[in-house]
Amino acid sequence: MGYILIGFGLALTACTPKSTLLVKPVATPPAAVTATTPPTVIVTAPLLYVAGFDSKLYALDTTTGTQRWVFRADTSFESSPVVAYGMIYVGSNDSKLYAIDATTGQQRWAFKTGDFVHSSPVIADGIVYVGSQDGKLYAIDATIGSLLWVFTVGFGLYSSPAVANGLVYIGGQDNQVYAIDAGNGLLRWKFTADGYFLSSPVVSNGLVYIGCSNSKLYAIDAATGRQRWLFLAAAGIDASPVVANGLVFVGSYDYNLYALNAASGQLTWKFPTQGILYGSPVVADNVVYVGSRDHKLYAIDALTGKQRWSFATNFDIYSTPVVANGTVYIGSNDFNLYAVDAALGRQRWVFRTGDVVVSSPVFAQKNAVKGAYPTVSGAGK
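First residue of the sequence shown? That's 651 in the working numbering, and the numbers climb one at a time after it.
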């Protein structure tokens, strides 16, 4: 049984789909789908990886913020990286998915799609799944970068996929949520809404949770595609939800972070910020960490919704934080990546990049990979 790793990132500007077209989703599988057995590779050095709008992927020392290496793509990164098999996988606005050696920063392979790759990859059982603005979901061999299958929809796939129970789930800008067979790329079911999906799904306890531009958070049966419940916010939800301790946490354009009962969708509490919440929350040790366009990173008690502390950056935050070893790491549109004490909210170090950081960091140490928020929050990944 393989393991699943994902990364999430939100773009600097939202993508509004064009007028609706009737396009039938199409899977194009090869004759036989067999992923190459990945090598057993252990990342021994504790490193933090972050991709920036300056076209660079950085590897940083987690304690000091010192740069270990840098990889440069042809253009900017909005996709968030993920670590597996000793490699960093990340999409770029040059339409490529890159596989980079996690230790040296050297390119292993690159897979060319037909448009921007805002979607962040997910990896399961030796296969990388990633969406592209060309309207295709790709299944790619994680070791050698060869195409295994492709699933085509009518509009771009900004959403990042989630994999559970042999299915790949992804939201589309064509107002659909798709469940696709992870092995052969064939459609299992689709769910239709009255708004488009930039949010990425999270699967937990048999439900798919995903936000929508129509201000709704949906809970969808993961097996059948039927709606279980919905929650209506006051504005659109492009941020991705996270599930922890029986609650769903999600931010909205209405400036609020919501905590909902995961089974019923009933509101438990909401926390107001002073800006839009583009990035997704992360939960660690019963604290919710989330960034806002009001320039602040917030630490909020997961049970009560009361603020523990806030940390001010110099501009908007679109990045999703990651928590590891008592430190919160988060990017800001002030060009910086910050390391903040998780308990006290005090800055430990800051690393300056060459442009805004909308991508979310990923942390790797001794084969334990953190940075995909379901991994650190217990959301079923």
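Even glycine gets a Cβ: it sits at the ideal position worked out from N, Cα and C.
Query, Result
"Buried versus exposed, by CB contacts within 10 Å (16 or more), K956", "exposed"
"Under 9 Å between C-beta atoms of L917 and P891", "no"
"Cβ neighbour criterion (16 or more within 10 Å) applied to D844", "exposed"
"Cα-Cα separation between I980 and T874, rounded to whole angstroms", "36 Å"
"Residue range of the unbroken beta strand (DSSP E) whose run includes N743", "Unbroken run through N743: none, as it is neither H nor E."
"Rounded Cβ spacing between A723 and Y748 (contact assumed at less than 8 Å)", "7 Å"
"Bounding residues of the beta strand (DSSP E) (the contiguous stretch that carries T977)", "T977 to G981"
"D935 classed as buried or exposed, judged by whether at least 16 other C-beta atoms fall within 10 angstroms", "exposed"
"Minimum Cβ-Cβ distance from G764 to chain C less than 9 Å", "Absence of chain C from the displayed structure is noted, only one protein chain being present."
"Unbroken stretches of the beta strand (DSSP E), 3 residues or longer, contained in the segment 903-976", "906-911, 917-922, 932-934, 937-941, 946-951, 957-962 and 972-974"
"K762 classed as buried or exposed, judged by whether at least 16 other C-beta atoms fall within 10 angstroms", "exposed"
"Meets three-Cβ-pair contact criterion under 8 Å: the segment 926-943 and the segment 962-975", "yes"
"Residue of K840, A884, L907 and A894 minimising C-alpha distance to R876", "K840"
"Nearest-angstrom Cβ-Cβ length linking V733 and A760, presumed shorter than 8 Å", "Their Cβ separation, rounded to whole angstroms, is 17 Å, which puts V733 and A760 out of contact at 8 Å."
"Among N743, Y735 and T716, nearest to V1008 - alpha-carbon criterion", "N743"
"Contacts around N986, its chain only, beta-carbon distance under 8 Å, and the 5 residues preceding and following it disregarded", "T963, N964, V1000, F1001, R1002, T1003 and V1007"
"Enclosing beta strand (DSSP E) for V854 [first to last residue]", "As written in the sequence, residue 854 is Ser, which differs from the Val given in the question. Note, S854: beta strand (DSSP E), V852 to S854."
"Beta bridge counterpart(s) of R722 as assigned by DSSP", "K706"
"Under the three-state DSSP convention, the category L817 falls into", "strand"
"Cα-Cα separation, Q757 to W799", "23 Å"
"7 Å CB neighbourhood of V933 in its chain, flanking five on each side removed", "V892, A894, F899, A952 and S1027"
"Pair within 9 Å by beta-carbon distance, V990 and L947", "yes"
"C-alpha gap between I1012 and S730, whole angstroms", "This sequence places Val at residue 1012; Ile is not what is there. C-alpha separation (whole angstroms): 8 Å."
"Rounded C-alpha distance that separates L848 from Q997", "31 Å"
"Between the CA atoms of P696 and G861 - distance to the nearest angstrom", "33 Å"
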